[in-house]
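Per the numbering used here, the very first residue in the sequence shown carries number 565; after that it's consecutive. No residue lacks a Cβ here, since even glycine has one placed at the ideal position from N, Cα and C.
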Amino acid sequence: MGKQPKTAITPTRAEDYPQWYQQVIKSADLAEVSPVRGCMVIKPWGWSIWENMQGVLDRMFKDTGHVNAYFPLFIPMSFLEKEAEHVEGFAKECAVVTHHRLEPGPDGGLVPAGPLEEPLIVRPTSETIIGSMYAKWVQSYRDLPIKINQWANVVRWEMRTRMFLRTTEFLWQEGHTCHATEEEALEETRLMLDVYADFAENTMAMPVIKGEKTADERFPGAVSTLTIEAMMQDRKALQAGTSHFLGQNFSRAQDITYQDQAGELQHAWTTSWGVSTRLVGALIMTHSDDDGLVIPPKLAPSHVVILPIYKNDEQRSVVLEYCDQLQKQLKEQTYEGEPIRVIMDDRDIRGGEKKWYHIKRGVPIRVEVGPRDIENGNVFMSRRDTGESNGVSRDEFVTQVGTILTEIQSSLFDQALKLREDNSRTIDTLDEFREYFTPEDKDALEIHGGFASSHFCEDAPEVQKVLGELKVTTRCIPLDQQQEPGTCIFSGKPSTGRAVFGKSY
């Protein structure tokens, strides 16, 4: 067998980042392309990561006063038409059902039959269908607030797809709330953005910028859209979650009214917010390396994998007994208040192949155990985040495993934060902005630039002209920035603050 390649993934991130991303998904066995164009099959390891994300987020939603429900996959077209900006924003992405059955055709195949009286839209998002139910449920101020979340799938017709990041069908959660006052709805919008930021940073180990979208990037029909923006390793931005203040736009369109304490009829104030399986793509691109997937321990399907090493049946029985006891001890330990998730891989395959299998899948800690380790009461431990490997006392490892996982979680966040800080710049001239986002080699795979913080005027036509030329977008106006009068670098007009700009997914 030839010498092991320097990296398990080819091409590397530096050679071809988009292809590297696809190869990480393949080598980690996360998902694969389905027979349906633009859709994917999420395989068990990828599903486990999404399931862990769901579990954490679901608890966070319930801890902030929300409950789960479910609404129909199909939406009457007339519902979508009620909010003009909303239908305009989603019309080109809608999958439409026009018939209700199939029947034999003249050439022996099947043909659609039974036209529907009204076409049905396959759910692209649920503001209108949920709003129609809220209109029935809300009569009085006593019925408010309503705070509901649903876990669902949605369909948005995409021309260019990429697994997890942009597929025709994807999985998500969408929260929809209804309030008696504007202040309550605004508080809800900000609360859920904070929940998403907390999850991204403390569970995914992915630093984010909290901000507000500009009008051209706003959710169709919303009064304002708040966002969390993350930087991937190729220095592109990824919108990782959004929370929308819908004002009274959808309550007017859907006639969601209530009688206030004075007996007056009022329109309710609504919000919506969501994250999707795009977060799995974000996790891959934030932490993974040229040997494959790297998973933050809080989301890892398995925290530890034990790899028994032996040469004959006699060694096998001794090593397996030792490993079995080790596995039981580890399961008695906790990390983040839950038992350590540990598996033992005793498949009859070569040791090197088995090791690289788990490296590529991103298991945070690998433990190899052979006869010599047993003699010394040791284990040979390797960390996926740093690649560090060393022999340690079995008892010491068992008692310290939770601490090691905490260190790995923190280390991954620190690495990602350093990447963002090293690739963010305050830019105050248009020439510098152009240079920052223009690669010297026009054919280079490398993405030039990172995040730029610059003064701008949202309504200046020059802004979109320059951004279009450079293929840069306005990511957000940061929520935590100080008011800083300045000059728009695009138009020369007075500016009241900065926005974050970047190339994006």
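Here His740 is near Ser836, since their CB atoms are less than 8 Å apart. Runs of the beta strand (DSSP E) lying entirely within the region 960 to 1005 and spanning at least 3 residues, in chain order: 988 to 990. Within its own chain, the residues whose Cβ lies closer than 6 Å to the Cβ of Thr778, once the five positions on either side in sequence are excluded, are Glu1022, Thr1038, listed in chain order. The alpha-carbon of Trp701 is positioned some 42 Å away from that of Glu596. If you check the CB distance, Val686 and Ala655 do not come in under 8 Å.
Secondary structure at His922: helix, using DSSP grouped into helix, strand and coil. Asp853 sits buried, since 16 or more C-beta atoms from the chains shown fall within 10 Å of its C-beta. Between Leu755 and Thr628 the beta-carbon gap is near 6 Å, inside 8 Å, which marks them as a contact. With three or more CB-CB distances shorter than 8 Å, the region 924 to 943 counts as touching the region 858 to 865.
Between Ser1018 and Ile1041, the CB-CB gap reaches or exceeds 8 Å. According to the DSSP secondary-structure assignment, Lys774 is paired through a beta bridge with Ile792.
For Glu932, the number of other beta carbons within 10 angstroms of its own is at least 16, and it is reported as buried.
At least 8 Å separates the beta-carbon of Gln891 from that of Gly966. In the DSSP assignment, Thr692 falls within the unbroken alpha helix (DSSP H) covering 691 to 701.
Between Phe734 and Val718, the CB-CB gap stays under 8 Å. Secondary structure note for Ser815: its alpha helix (DSSP H) is the uninterrupted segment 813 to 818. In its chain, beyond the 5 residues on either side, Leu666, Glu667, Pro668 have a beta carbon closer than 8 Å to the beta carbon of Leu674. In the structure shown, Arg948 falls within a coil segment according to DSSP collapsed to helix, strand and coil.
Taking the C-beta atoms as reference points, Gln714 is found no nearer than 8 Å to Phe763. Considering only Arg842, Ser840, Asn813, Gly845, the residue with the shortest C-alpha distance to Gln830 is Asn813.
Short of 7 Å from the beta carbon of Val1036, and not among the five residues preceding or following it, lie these beta carbons of its own chain, in chain order: Phe1001, Phe1065, Gly1066, Lys1067. The beta carbon of Glu765 sits closer than 8 Å to those of Pro771, Val772, Phe977, all from its chain and outside the five residues before and after it, given in chain order. In this structure, the beta-carbon distance from Pro640 to Thr662 does not fall below 8 Å. Per the C-alpha coordinates, the member of Glu647, Gly934, Gln1046 positioned closest to Asp910 is Gly934. Taking C-alpha positions only, Leu969 is separated from Tyr899 by approximately 7 Å. The shortest C-alpha to C-alpha distance from Ser815 to any of His630, Phe643, Glu579 is the one to Phe643. In this structure Gly916 is exposed. Its beta-carbon is surrounded by fewer than 16 other beta-carbon atoms within 10 angstroms. Per DSSP, reduced to three states, the secondary structure at Gly838 is strand. Residue state for Glu896 is assigned as coil, using DSSP reduced to three classes. The three-state secondary structure of Glu1022, taken from DSSP, is coil. Nearest C-alpha to Lys1057 among Tyr1069, Ala1024, Gln1046: Ala1024.
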